[in-house]
Amino acid sequence: MNNFSALLKKVKSTKANLYGKDFLLTWDKSRNELELVLYVAEALKQLRDHNISAKCFDSGLAISNFRDNSTRTRFSFASACNLLGLEVQDLDEAKSQIAHGETVRETANMISFMTDIIGIRDDMFLGAGHTYMLEVGEALNEGYKKGVLAQRPGIVNLQCDIDHPTQSMADLLHLKNYFGGLDKLKGKKITMTWAYSPSYGKPLSVPQGIIGLMTRFGMEVELAYPEGYSLIPDVVETAKKNAKASGGKFKVSNSMEEAFKNADIVYPKSWAPYSVMQKRTKLLQAGDKEGLKDLEKQCLANNAKFKNWECDEKKMKITKRGKALYMHCLPADITDVSCREGEVSAKIFEKYRIETYIEAGYKPYIIAAMILTNRFKYPVKILKTLCNSGIHRVMA
Amino acid sequence: MNNFSALLKKVKSTKANLYGKDFLLTWDKSRNELELVLYVAEALKQLRDHNISAKCFDSGLAISNFRDNSTRTRFSFASACNLLGLEVQDLDEAKSQIAHGETVRETANMISFMTDIIGIRDDMFLGAGHTYMLEVGEALNEGYKKGVLAQRPGIVNLQCDIDHPTQSMADLLHLKNYFGGLDKLKGKKITMTWAYSPSYGKPLSVPQGIIGLMTRFGMEVELAYPEGYSLIPDVVETAKKNAKASGGKFKVSNSMEEAFKNADIVYPKSWAPYSVMQKRTKLLQAGDKEGLKDLEKQCLANNAKFKNWECDEKKMKITKRGKALYMHCLPADITDVSCREGEVSAKIFEKYRIETYIEAGYKPYIIAAMILTNRFKYPVKILKTLCNSGIHRVMA
Amino acid sequence: MNNFSALLKKVKSTKANLYGKDFLLTWDKSRNELELVLYVAEALKQLRDHNISAKCFDSGLAISNFRDNSTRTRFSFASACNLLGLEVQDLDEAKSQIAHGETVRETANMISFMTDIIGIRDDMFLGAGHTYMLEVGEALNEGYKKGVLAQRPGIVNLQCDIDHPTQSMADLLHLKNYFGGLDKLKGKKITMTWAYSPSYGKPLSVPQGIIGLMTRFGMEVELAYPEGYSLIPDVVETAKKNAKASGGKFKVSNSMEEAFKNADIVYPKSWAPYSVMQKRTKLLQAGDKEGLKDLEKQCLANNAKFKNWECDEKKMKITKRGKALYMHCLPADITDVSCREGEVSAKIFEKYRIETYIEAGYKPYIIAAMILTNRFKYPVKILKTLCNSGIHRVMA
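The listed protein sequences derive, respectively, from chains A, C and W.
All residue numbers for the first sequence refer to this note's numbering, where the first residue is 936 and numbers rise by one.
All residue numbers for the second sequence refer to this note's numbering, where the first residue is 936 and numbers rise by one.
All residue numbers for the third sequence refer to this note's numbering, where the first residue is 936 and numbers rise by one.
1) Where does A1034 (chain C) fall in DSSP's three states?
2) Helix, strand or coil for E1278 (chain A) per DSSP?
3) Go to F1185 (chain A), then tell me how far its beta strand (DSSP E) extends in each direction, as first and last residue.
4) Take the Cβ of D1051 (chain C) as the centre, count every other Cβ of all protein chains shown within 10 Å, and call the residue buried at 16 or more, exposed below.
5) Which residues in the same chain as E968 (chain A) place their Cβ atom closer than 7 Å to its Cβ, once the five residues preceding and following it in sequence are excluded?
6) Of all Cβ atoms in chain A, is any one closer than 8 Å to the Cβ of F992 (chain C)?
7) Decide if the segment 1088-1101 of chain A is in contact with the segment 1058-1074 of chain A; the criterion is three or more beta carbon pairs, one per stretch, under 8 Å apart.
8) Hey, could you find the ends of the beta strand (DSSP E) L996 (chain W) is sitting in?
9) For K1228 (chain A), which residues from the same chain have a beta carbon less than 6 Å from its beta carbon, with the 5 sequence-adjacent residues on both sides left out?
10) If we count the other Cβ atoms within 10 Å of its Cβ and call it buried at 16 or more, is K944 (chain C) buried or exposed?
11) Consider the Cβ of Q1024 (chain C): report whether some Cβ of chain W lies at a distance smaller than 8 Å.
12) If I follow the unbroken alpha helix (DSSP H) through E984 (chain C), where does it start and stop?
13) Helix, strand or coil, according to DSSP, for G1296 (chain W) in the structure here?
14) Pull up the DSSP beta-bridge partners for G1089 (chain A), would you.
15) For the alpha helix (DSSP H) that M936 (chain W) lies in, which residues bound it at each end?
16) Using the C-alpha atoms, what's the distance from L1019 (chain W) back to A1013 (chain W)?
17) Under DSSP, the alpha helix (DSSP H) around A1074 (chain A) begins and ends at which residues?
18) Run down chain C in chain order and give the residues with a C-beta less than 7 Å from the C-beta of G1082 (chain A).
19) Apart from the five residues just before and just after F1010 (chain W), which ones in its own chain have a Cβ nearer than 8 Å to its Cβ?
20) So, for G1163 (chain C): in the same chain, excluding its five sequence neighbours on each side, which residues have a beta-carbon less than 7 Å away from its beta-carbon?
21) Just verifying my parser: in three-state terms, what is the DSSP assignment at V1156 (chain W)?
22) How would you write the range of the beta strand (DSSP E) that M1251 (chain C) sits in, first residue to last?
23) To the nearest angstrom, report how far apart M1191 (chain W) and E1245 (chain W) are at their CA atoms.
24) So, is the C-beta of T1320 (chain C) closer than 8 Å to a C-beta in chain W?
25) Hey, how far is the Cα of T1101 (chain W) from the Cα of M1305 (chain W)?
26) Quick check: the segment 1126-1145 of chain W against the segment 1193-1212 of chain W, are at least 3 beta-carbon pairs closer than 8 Å?
27) Here's a check: name, in chain order, each residue in its chain whose Cβ is nearer than 6 Å to the Cβ of S988 (chain A), leaving out the five neighbours to either side.
28) Using 8 Å for Cβ pairs, my map puts M1068 (chain W) next to L1139 (chain W). What's the rounded Cβ distance?
29) To which residues of the same chain is K1214 (chain A) closer than 7 Å at the C-beta, ignoring the five residues directly before and after it?
30) Secondary structure at I1146 (chain C), three-state DSSP: helix, strand or coil?
31) Report yes or no: is there a C-beta of chain W within less than 8 Å of the C-beta of S1014 (chain A)?
32) Among the residues of its own chain, which have a CB less than 6 Å from the CB of G1054 (chain C), if the five just before and after it don't count?
33) With DSSP run on the structure shown, which of helix, strand or coil describes H1099 (chain W)?
34) Quick check: L1021 (chain C) and E977 (chain C), are their CB atoms within less than 8 Å of each other?
35) Return the residues of the segment 968-995 of chain A that lie within a Cβ-Cβ distance of less than 7 Å from chain C, sorted by chain order.
36) Quick check on this structure: which residue in W:F1048, W:V1156, W:E1041 and W:H1263 has the alpha carbon closest to the alpha carbon of V1071 (chain W)?
See the structure below:
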């Protein structure tokens, strides 16, 4: 634990404070606030790696509300909560009375009487996920203000229609450690590129999260996709502004090969075009199964025109010294492994497979850091207390 | 925590003891036993509000067995268990082998080897829910007596076909605090009235729970419903006897307006007629889908005759000084919010919305108190120990 | 706690070590290793029975992966984990992204970043369950070796296609206590026999587990089934070898009556023939519903020829002094209770019902012992520390 105090100094030096602030979009946070989360995540990892308990809650609930399937994020959230001493209780809307027409504001209060944190995944409906989280937040504000709730639970966005901050922040922590520091990212080129997938309707939140976050750190961010596969215009605007402010670059192009040129990092991942997601949202909301089938058919046909958007050996050679870091939020569509033709060739994926697992391994700590900084005014004090008490996580 | 010792004195003064006694029906409990639960609930709330851990279990399981959907009660049970240090394990009958024809007495033992408390919701089948809980209790008695179980887990009724004690007790605690004491309830008029709903088959346990409990405290209880919407006759008899014994009143009428007159509290809520629930139970047990559809149609048509049974501004004006407290177990069918025509107008619900949330907020503490008094012989001692140890719930 | 130190001596005297070793098949373990698990299970039971906390984890996750329905084992696993301080997180494959074609090696790592133990039930596909567990183990080995995982979680087999070690070890502990010691089992005759059931497709793992384990302790094991209902040949071979090595006997016969002769213990339980399970596995994997229906029909017709394979009073009289111990893993198909004609008559089952419940009650402790011995190098030290610290499980 030599560098634990060094880490605490870094935490302190951010002078940032996320106490009581929901974590919904990375671009709502200052750079210092983002760094605060990164350093706290690293400190928590140190504690656990040294078998020191990080429990700062003796009891308390953490609600998970997954409106879409999830493995990684579900387990990351559960891990983070358990690490801090919170017990996860799943809000399974199918088993609840919410179907009876209960309002969001009511449910938000009903689940929060003894709740410290609420994690929400809502990425299916464009224009809905982020709005839903804001609505929950407003309801909690009212409940707290009017004496319904003894405390106002925090909210962590576990993926919405706009951003996927626990993913992008874990990715950032991976990059920081891979390249040896946040300052080392300045000037590095990261290519966030569309890739072919035999499925459709994949959310936009990962590519949006990446371009929205990596532009904050002076990186050269290139977004590449086949014509028509654009993202939400507002987020692209945000990325542009971020790049300008941080002394980085942001560029959009329409060729995977072009975008791979000189790249230090590539992030090839499929998504559905913004316009398709808009149509899909309307069809989903209308429950129009026929319409959804037609849309899927049409989209898959369109996807199929871009099967060459696969991250393979040949394209990887175009990157900087042929050695760019490959990233993915997982699971990837791997050619000949999980599908016949996919986002990445088996060879390239295998080469970077362990790296992608390590990348994923930061997520539980990022979530734990988001929870800790939301619930505690003085994270340094809490981390110090934990370290000094030295209670073993596993009996020794 | 000034009034914590005052609260403990109140707990002590009840001289009541619920140690090892299942909490199934409020009318099986003495008035002192009911007060014991109320005061312990308040003491637990005080501890939590002052960030003092209420964990009196270092480990142990709490089984939840929800045979019907639930949000509020599910989360209340989970909150209560977590508060005391028990981990909830859900008995999901769909995922178990119970479908294989396993007997209740066997399942009851199989889930109880390390279990401290079992919470059951079984409100679908008239004549079945309460019976099921008794059957589980008998099986646990046998298992404990014959050395299968090291301890006999307690049972908390989370809603049956007859009573909904965690709801009615939370409602009672709300009334106690709203009016400034249990003694203040004497002579107050509470109107438990049927209200129109566009759905059918709502359980009888809430109105039955209310008339069965509020008649214990010298209140003037009026039950009102359209002809034909009567409750289980036995429970109505119980309410009558209770009122007599406590110096209160109990009256049944068939007009919402009449019942609202001079009311201090109104509780307008839909339910299905007793006779319909009897038919429905038979059809459900027979798996007769056609029959159920016909019954629903017929009932909804009948319900529709009583759309004027809506709690609106005009009717609220009839209540005492036009200022009666509106109560509901939630979720309510709110006209123009959750349905076109419902139990309550949007304006009235909005006026009392926060009050209904506060009402709901007592449930986790009521359940926790039911668990604590079931598991500990000397609740005062436990509460004192918790208070004196002063372990923080959230690290400070 | 007089005999706690005696128990610890027994634990020590095994000189066995299961640290970091997955528990998949009992015949992969030495006799001393099996005894280690038994004694640790008993020590944990003592602690709990004396209200001493057995928490040796301050936090940490235990993943349960049930690929088939379960009540007993699910609750036993949850109980065991809670006893030791681990929180169960269910890997529900229906709610995960695994359906997207994610590989086993990837999922295994994704759920393990903060995981101490993984319990797996996979008994549906012959030739698949055990293989799946090995595959998960390999993936975890790689993840740990390559720095993805900070620790390598242990695996406990909660039932596979070959063995059901938590069941057979609980059965063994029951026998040990029933007869007064492991040494008392030498020479005792246990009859593992097929019995009629009106359902089909029951796994082979219980009979296989029993013949594979009980032959380790010098018992006379007789396996009896109607012609055609054989088990996996490899396992039968293993049982033969075990019997030889331990100075016991192993015999296969085709008559329930013959097998009951002179038996000290009978274990009548239905299973599907090995050859049928092979066909069934292929049909399941092909998703051939018609084929599965045909197979079921054909098998049930075949089963029906052997309705006389019922454990009834008459047959029990054939056993040693008519007093053999009846065992079952539960739930049993009980004639006139859970079905019209089944594995056991109501009278016999009722006579031994409580004994079967007691038998089942060992499972949580067996699982806890498997976890503890997997995660701690020095179980004696841990058990001593727990005992000496004397922290109450329930506040006293």
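Beta carbons: idealized from backbone N, C-alpha and C, even for Gly.
Note that the coordinates shown come from a computational prediction; the quantities given were computed from them, not determined experimentally.
Walking through what the data contain:
1) Unreliable positioning characterises A1034 (chain C) in this predicted model, as indicated by a pLDDT of 46, which lies under 50. The coordinate reading is nonetheless provided below. Looking at A1034 (chain C) - three-state DSSP - the assignment turns out to be helix.
2) In the structure shown, E1278 (chain A) falls within a coil segment according to DSSP collapsed to helix, strand and coil.
3) It spans K1184 to S1188 - the beta strand (DSSP E) in which F1185 (chain A) sits, taken as one unbroken run.
4) Burial call: buried.
5) Once the five neighbours on either side are set aside, the close Cβ partners of E968 (chain A) are A951 and L953.
6) Chain A has no Cβ within less than 8 Å of the Cβ of F992 (chain C).
7) Cβ pair count under 8 Å is three or more, so yes.
8) For L996 (chain W), the enclosing beta strand (DSSP E) begins and ends at L996 to F1001.
9) So no residue of the chain qualifies.
10) That one is exposed.
11) Interface residue, yes.
12) Rather than Glu, the amino acid found at residue 984 (chain C) in this sequence is Asp. From DSSP, the alpha helix (DSSP H) with D984 (chain C) extends over R966 to D984.
13) Look at G1296 (chain W) here: in three-state DSSP terms it is coil, with no helix or strand label.
14) DSSP lists A:I1052 as the bridge partner or partners of G1089 (chain A).
15) Premise fails: M936 (chain W) is in no alpha helix (DSSP H) and is neither H nor E.
16) About 10 Å.
17) Taken as a continuous stretch (DSSP letters only), the alpha helix (DSSP H) holding A1074 (chain A) covers G1064 to K1080.
18) Within chain C, the residues placing a beta-carbon under 7 Å from that of G1082 (chain A) are I1293, ordered along the chain.
19) Counting only Cβ-Cβ distances below 8 Å, and skipping sequence neighbours, we find P1299.
20) Excluding residues within five positions, the ones whose Cβ falls inside 7 Å are P1208.
21) The answer is strand: DSSP assigns V1156 (chain W) an E or B state.
22) Note, M1251 (chain C): premise wrong, no beta strand (DSSP E); alpha helix (DSSP H) at E1248 to I1253.
23) Approximately 8 Å between the Cα atoms of the pair.
24) Closer than 8 Å: yes.
25) Rounded to whole angstroms, T1101 (chain W) and M1305 (chain W) show a C-alpha spacing of 9 Å.
26) Yes: the two stretches touch, three or more of their Cβ pairs being nearer than 8 Å.
27) Cβ neighbours of S988 (chain A) beyond the five flanking positions: I1326 and R1328.
28) The beta carbons of M1068 (chain W) and L1139 (chain W) sit about 16 Å from each other, so the pair does not count as a contact at 8 Å.
29) The residues L1230, in chain order, have a CB closer than 7 Å to that of K1214 (chain A) in the same chain once the five nearest residues on each side in sequence are set aside.
30) Assignment of I1146 (chain C) by DSSP, reduced to helix, strand and coil, places it in the helix class.
31) Closer than 8 Å: yes.
32) So the qualifying residues of the chain are S999, F1012, V1091 and L1093.
33) Looking at H1099 (chain W) - three-state DSSP - the assignment turns out to be coil, as it is neither helix nor strand.
34) Contact annotation: L1021 (chain C) and E977 (chain C) have beta-carbon atoms that are not nearer than 8 Å.
35) The residues in question are C991, F992, D993, S994 and G995.
36) Out of W:F1048, W:V1156, W:E1041 and W:H1263, W:E1041 has the C-alpha closest to the C-alpha of V1071 (chain W).
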